[in-house]
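Participant:
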Amino acid sequence: MDEISANQSEVTCDVLVIGGGTAGPMAAYKAKSRHPDAKVVLLEKANVKRSGAICMGMDGLNNAVIPGYATAEQYTKEITIANDGICDQAPVYAYASRCFDIIQELDRFGIRFQKDENGEYDVKKVHHLGTYVLPMPNGDTVKKALYRQLRGRQVLISNRFMATRLLTAADGRIAGAVAVNTRTADLLVLRAKTVILCLGAAGRLGLPQSGYLWGTYENATNSGDGYAMALHAGAGLANLECYQINPLIKDYNGPACAYVAGPFGAYTANAAGNRFIECDYWSGQMMQEFYNELRSGKGPVFLKLNHLHPDTIGTIEEILHKVERPSRGRFHEGRGTDYRAQMVEMHISEIGFCSGHSASGVFVDEFARTTAAGLYAAGDLANVPHNYMLGAFTNGAIAGEHAADMARQITLADYDPADVARERDRVLAPTRREDGIPPNQIEYKTRRLVNDYLQPPKVTAKMELGQARFAEIREDLDTRMIARNAHELMRALEAASILDCAEMAAAASLFRTESRWGLYHNRVDHPDKNDAEWFCHTILRKRDGQISCEKRPVAPYIVPIEDAERGAYDRHRISRPT
Amino acid sequence: MPLAQTPSTVPVQIDAGKCIADKGCNVCVDVCPLDVLRISEETGKAYMKYDECWYCLPCEADCPTGAVTVSIPYLLR
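So the sequence lines, in the order shown, correspond to chains A and B.
Residues in the first sequence are numbered from -3 upward in steps of one, following the numbering used here.
Residues in the second sequence are numbered from 20 upward in steps of one, following the numbering used here.
Okay, structure coming up:
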């Protein structure tokens, strides 16, 4: 295994779904369910059985809009406010209106959600305003349940193929994609009428403080390939300067996790064990307060559970040590940390792009359509703010259905064979060099410089220095990077995606000359929020081979927000410590 | 320019006595998201070839004989 053979073949389909984590399987399932005679291909860099952010399942839904607990209007309002007003509400509203159907469908797949003694969904309050968090007692079974459905519908699954570039026709329509096998370096050209990007977050952008390249918050397979592919296909990417930064257990890549432990009475505290934030919901404003406390004399920051009853702690451990990040228990064991005795030290994560938790993603409308004809996006890489796992499922379903309908109405677009030849040369270039720099060093250097120059608080002169250093790495990557086998080639191609994302992060952050979203876009030399000039999306795209940025107005709200409500997430700090 | 061989202690350990890769099992190699496990041509057993681990545990959870143990990578332990 891993020897380079570099053959080439071609397949044709109606709908191509790239990424088999969360949104992708649902998109493929819904496309095939909608039109069973359609040929639907699901392409995955790893193996659909255990790929993506939820490879070990999930402990709950963070944003369930369940009748009786919340309404689509309420949820849309909350997310608009949490995202500092920069939000096209139509996709959020479409999600909120549809997600209860998806919950019931997942329930039928065998994924159970917690119910109380009356048989009602046992929804918990974690957000600042509304109630949306629903535990999943058998959340470890999610991927298996999805996989069964895909097999039942006869979706064509291609594992261990990494998509590298989208193909477009002369008229700009999407024509398919090029992919490379991660164990043989064989190339695959996929022609498709519509393509859905579900490649997850750009999680390998910043470097974790441990220095271990793979110790990222996001599944380390999520190297931002989807962001890079959207860029090179000419699609618009929105608000990339609104980074993802999360509060995590120090040195471990899992959340502490206040969404699970909070409803049981745990909370985020400073070194004295005092609360300093009103609400543990992850927003940029909350992260700014977290950062301030961390740097203050009252830091560091902890998750406090040791005041809870041992039985309660046992229940929390049963959830946290079994799903999503099940190695958490052995991490604590190694450090001698017991939730009953000590508070758990926390820190902030490396930066990344991820709409699932913030708003940095490929621009989409309420049908999951990007700005490129025939190209859709769903899940962590599509900019429906704060959409989490249930957003990936729901928006994946919306994308799959629309893309399948569209594929029936259009013909297959022709790609230019010269584009494929060029991409083949780009992909295989590192395998053709005798000597040079291995991908792990290119990647380490890029990500170390991301930390040095792009991590908030953001400083103009530093980000410009970062751009100059990235250009030097680009030169090395283009002319000197080597890959000695197919596995290393996958890492080399990922390093290229990571560098693309670093350049996008710098360009987007420099463009928006104000501060917004708390820590996510805290520009020290433009410290104030400037609604007069910057109450808009920023859209980054490639024009004439260069990254360029422009403003895009926020679509008129469909759920009105009163002026008095707009600042709710700005008032996070507790006025008098408890 | 020759490349250096830098040693690294790996997070995934395989109990060779329990591993049945030599009988055709490929489960851990199949399910690893980062694709870091391989079957050794010398021993016929699974091993961690690339130190690129997200310590996510599918390899351990899905192994039919309980041969796989994942520990937290040393750098963040």
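From the three backbone atoms N, C-alpha and C, an ideal C-beta is built for every residue, glycine too.
Restricting to Cα atoms, I'd like to know which of A:Ser1, A:Ser219, A:Gly370 and A:Leu301 is closest to Leu163 (chain A).
Facilitator: Against the first sequence, residue 163 (chain A) aligns to sequence position 167. Of the listed residues, the one whose Cα sits closest to Leu163 (chain A) is A:Gly370.
Participant: Applying the 10 Å Cβ sphere with the 16-neighbour rule, what's the burial state of Gln240 (chain A)?
Facilitator: Residue 240 (chain A) sits at position 244 when you count from the first residue of the first sequence. Result: buried.
Participant: In angstroms with no decimal places, state the Cα-to-Cα distance between Thr67 (chain A) and Thr160 (chain A).
Facilitator: Reading the first sequence from its first residue, position 71 is the one you call residue 67 (chain A). Reading the first sequence from its first residue, position 164 is the one you call residue 160 (chain A). Going by the C-alpha atoms only, they are around 40 Å apart.
Participant: Check whether chain E comes within 8 Å of Leu56 (chain B), counting only Cβ atoms and requiring the distance to be less than that.
Facilitator: Absence of chain E from the displayed structure is noted, the protein chains being A and B.
Participant: Give me the residue from A:His123, A:Leu57 and A:Ile478 with the minimum Cα distance to Ser279 (chain A).
Facilitator: The residue you call residue 279 (chain A) lines up with position 283 of the first sequence. Taking only the C-alpha atoms, the option nearest Ser279 (chain A) is A:His123.
Participant: Measuring only between beta-carbons, confirm whether Cys350 (chain A) sits less than 8 Å from chain B.
Facilitator: The residue labelled residue 350 (chain A) in the question sits at position 354 within the first sequence. So, not an interface residue.
Participant: Output yes or no for whether 8 Å exceeds the beta carbon distance between Ala27 (chain A) and Ala19 (chain A).
Facilitator: On the first sequence, position 31 is the one that residue 27 (chain A) refers to. On the first sequence, position 23 is the one that residue 19 (chain A) refers to. The beta carbons of Ala27 (chain A) and Ala19 (chain A) sit no closer together than 8 Å.
Participant: I'd like to check one pair, Lys538 (chain A) with His228 (chain A): are the Cβ atoms closer than 8 Å?
Facilitator: Here residue 228 (chain A) is taken as the residue at index 232 of the first sequence, counted from 1. Here residue 538 (chain A) is taken as the residue at index 542 of the first sequence, counted from 1. Result yes, Cβ atoms of His228 (chain A) and Lys538 (chain A) sit closer than 8 Å.
Participant: Strictly under 8 Å for the Cβ-Cβ distance: is Asp521 (chain A) near chain B by that measure?
Facilitator: Residue mapping note: residue 521 (chain A) aligns to position 525 of the first sequence, counting from 1. So no, Asp521 (chain A) is outside the interface.
Participant: Look at Val358 (chain A) and Leu233 (chain A) and say whether their C-beta atoms are less than 8 Å apart.
Facilitator: One-based indexing of the first sequence puts residue 358 (chain A) at position 362. One-based indexing of the first sequence puts residue 233 (chain A) at position 237. Yes.
Participant: Is the Cβ-Cβ distance between Gly269 (chain A) and Met339 (chain A) less than 8 Å?
Facilitator: Reading the first sequence from its first residue, position 273 is the one you call residue 269 (chain A). Reading the first sequence from its first residue, position 343 is the one you call residue 339 (chain A). In contact: Gly269 (chain A) and Met339 (chain A) (Cβ atoms closer than 8 Å).
Participant: Counting only Cβ pairs nearer than 9 Å, list the residues of chain B close to Arg326 (chain A).
Facilitator: Numbered from its first residue, the first sequence carries residue 326 (chain A) at position 330. Ordered by position in chain B, the residues that pass the 9 Å Cβ test against Arg326 (chain A) are Tyr74, Val89, Ser90 and Ile91.
Participant: Less than 7 Å between the CB of Met(-3) (chain A) and some heavy atom of the ligand ADP, yes or no?
Facilitator: The ligand ADP is not part of this structure, which contains no ligands at all.
Participant: Against chain A, does Met20 (chain B) count as a neighbour if the rule is that its beta carbon must be under 8 Å from one of theirs?
Facilitator: Locating residue 20 (chain B) in the second sequence gives position 1, counting from the first residue. Output row for Met20 (chain B): interface = yes.
Participant: According to DSSP, which residues form a beta bridge with Pro243 (chain A)?
Facilitator: If you number the first sequence from 1, residue 243 (chain A) lands on position 247. Beta-bridge pairing links Pro243 (chain A) to A:Ile344.
Participant: Counting only beta-carbon atoms, is Tyr69 (chain B) nearer than 8 Å to chain A?
Facilitator: Locating residue 69 (chain B) in the second sequence gives position 50, where the first residue counts as 1. At least one chain A Cβ lies under 8 Å of Tyr69 (chain B).
Participant: What's the C-alpha gap between Ala23 (chain A) and Gly17 (chain A)?
Facilitator: As a working mapping, residue 23 (chain A) is identified with position 27 in the first sequence. As a working mapping, residue 17 (chain A) is identified with position 21 in the first sequence. Computed Cα separation, rounded: 11 Å.
Participant: Skipping 5 residues on each side, what residues in its chain have a beta carbon closer than 7 Å to that of Asn481 (chain A)?
Facilitator: For the purposes of this step, residue 481 (chain A) is taken as the residue at position 485 of the first sequence. Result list for Asn481 (chain A): Asp(-2), Glu(-1) and Ile0, in chain order.
Participant: Can you give me, in chain order, the residues of the region 196 to 222 of chain A that have a beta carbon less than 8 Å from any beta carbon in chain B?
Facilitator: Pro204, Ser206, Gly207, Tyr208, Leu209, Trp210, Gly211, Thr212, Asn215, Ala216 and Thr217
Participant: Cβ of Val50 (chain B) less than 8 Å from any chain A Cβ?
Facilitator: Stepping through the second sequence from its first residue, residue 50 (chain B) is reached at position 31. Closer than 8 Å to some Cβ of chain A, the Cβ of Val50 (chain B) qualifies, so yes.
Participant: Report all residues from its chain with a CB closer than 6 Å to the CB of Ala409 (chain A); omit the five preceding and five following residues, and keep chain order.
Facilitator: The residue labelled residue 409 (chain A) in the question sits at position 413 within the first sequence. Excluding positions up to five away in sequence, the list reads Ala165, Arg169 and Ala171.
Participant: Does the Cβ of Gly392 (chain A) have 16 or more other Cβ atoms within 10 Å, making it buried, or fewer, making it exposed?
Facilitator: As a first step, residue 392 (chain A) must be located in the first sequence, where it is residue number 396. Under this definition Gly392 (chain A) is a buried residue.
Participant: Counting beta carbon pairs with one atom in the region 39 to 52 of chain A and one in the region 65 to 80 of chain A, are three or more of them shorter than 8 Å?
Facilitator: no
Participant: Residues of the region 473 to 493 of chain A in Cβ contact with chain B at a cutoff of 7 Å, in chain order, please.
Facilitator: His483
Participant: Going by other Cβ atoms of all chains shown within 10 Å of its Cβ, with 16 needed for buried, is Gly261 (chain A) buried or exposed?
Facilitator: Within the first sequence, residue 261 (chain A) is the residue found at index 265, counting from 1. Exposed: under 16 other Cβ atoms inside 10 Å.
Participant: From the DSSP output, in three-state form, read off Leu515 (chain A) for me.
Facilitator: Looking up residue 515 (chain A) in the first sequence gives position 519. Of the three classes helix, strand and coil, the one that applies to Leu515 (chain A) here is helix, per DSSP.
Participant: In the DSSP assignment, find the unbroken alpha helix (DSSP H) run with Glu439 (chain A) in it and report its ends.
Facilitator: Here the question's residue 439 (chain A) lines up with position 443 in the first sequence. Looking at the DSSP string, the run of the alpha helix (DSSP H) that includes Glu439 (chain A) is Pro435 to Leu450.
Participant: Cβ of Pro552 (chain A) less than 8 Å from any chain B Cβ?
Facilitator: Within the first sequence, the letter at position 556 stands for residue 552 (chain A). No, Pro552 (chain A) lies away from the interface with chain B (no Cβ there is under 8 Å from its Cβ).
Participant: Judging by CA-CA distance, which residue of A:Leu102, A:Pro87, A:Pro32 and A:Val256 is the nearest neighbour of Tyr553 (chain A)?
Facilitator: One-based indexing of the first sequence puts residue 553 (chain A) at position 557. Closest option to Tyr553 (chain A), Cα to Cα, is A:Pro87.
Participant: Looking at C-alpha atoms only, which residue of A:Arg470, A:Ala181, A:Lys139 and A:Tyr65 is the closest neighbour of Gly126 (chain A)?
Facilitator: The residue you call residue 126 (chain A) lines up with position 130 of the first sequence. That would be A:Tyr65, whose Cα lies nearest to the Cα of Gly126 (chain A).
Participant: Name the chain B residues that come within less than 7 Å of Thr178 (chain A), Cβ to Cβ?
Facilitator: Taking the first residue of the first sequence as 1, we reach residue 178 (chain A) at position 182. Correct list: Asp54.
Participant: So, at 6 Å on beta carbons, what are the nonlocal neighbours of Ile58 (chain B) in its own chain, with the 5 sequence-adjacent residues on each side left out?
Facilitator: Residue 58 (chain B) sits at position 39 when you count from the first residue of the second sequence. Result list for Ile58 (chain B): Ala40 and Ala65, in chain order.
Participant: Interface residues of chain A around Pro77 (chain B) at Cβ under 7 Å?
Facilitator: In the second sequence, residue 77 (chain B) corresponds to position 58, counting from 1. Simply Arg46, Cys51 and Met52.
Participant: Ends of the beta strand (DSSP E) at Asn249 (chain A)?
Facilitator: Residue numbering aside, residue 249 (chain A) sits at position 253 when the first sequence is read from its first letter. Asn249 (chain A) -> no beta strand (DSSP E), and no H or E assigned at all.
Participant: With a threshold of 6 Å on Cβ separation, who are the neighbours of Glu71 (chain B) within its own chain once the five nearest residues in sequence on each side are excluded?
Facilitator: If you number the second sequence from 1, residue 71 (chain B) lands on position 52. Cβ-Cβ distances below 6 Å link Glu71 (chain B) to Leu53 and Val55 in the same chain, with the five nearest sequence neighbours on each side left out; the list follows chain order.
Participant: Once DSSP output is grouped into helix, strand and coil, what is the label at Thr190 (chain A)?
Facilitator: Indexing the first sequence from 1 puts residue 190 (chain A) at position 194. Three-state result, Thr190 (chain A): strand.
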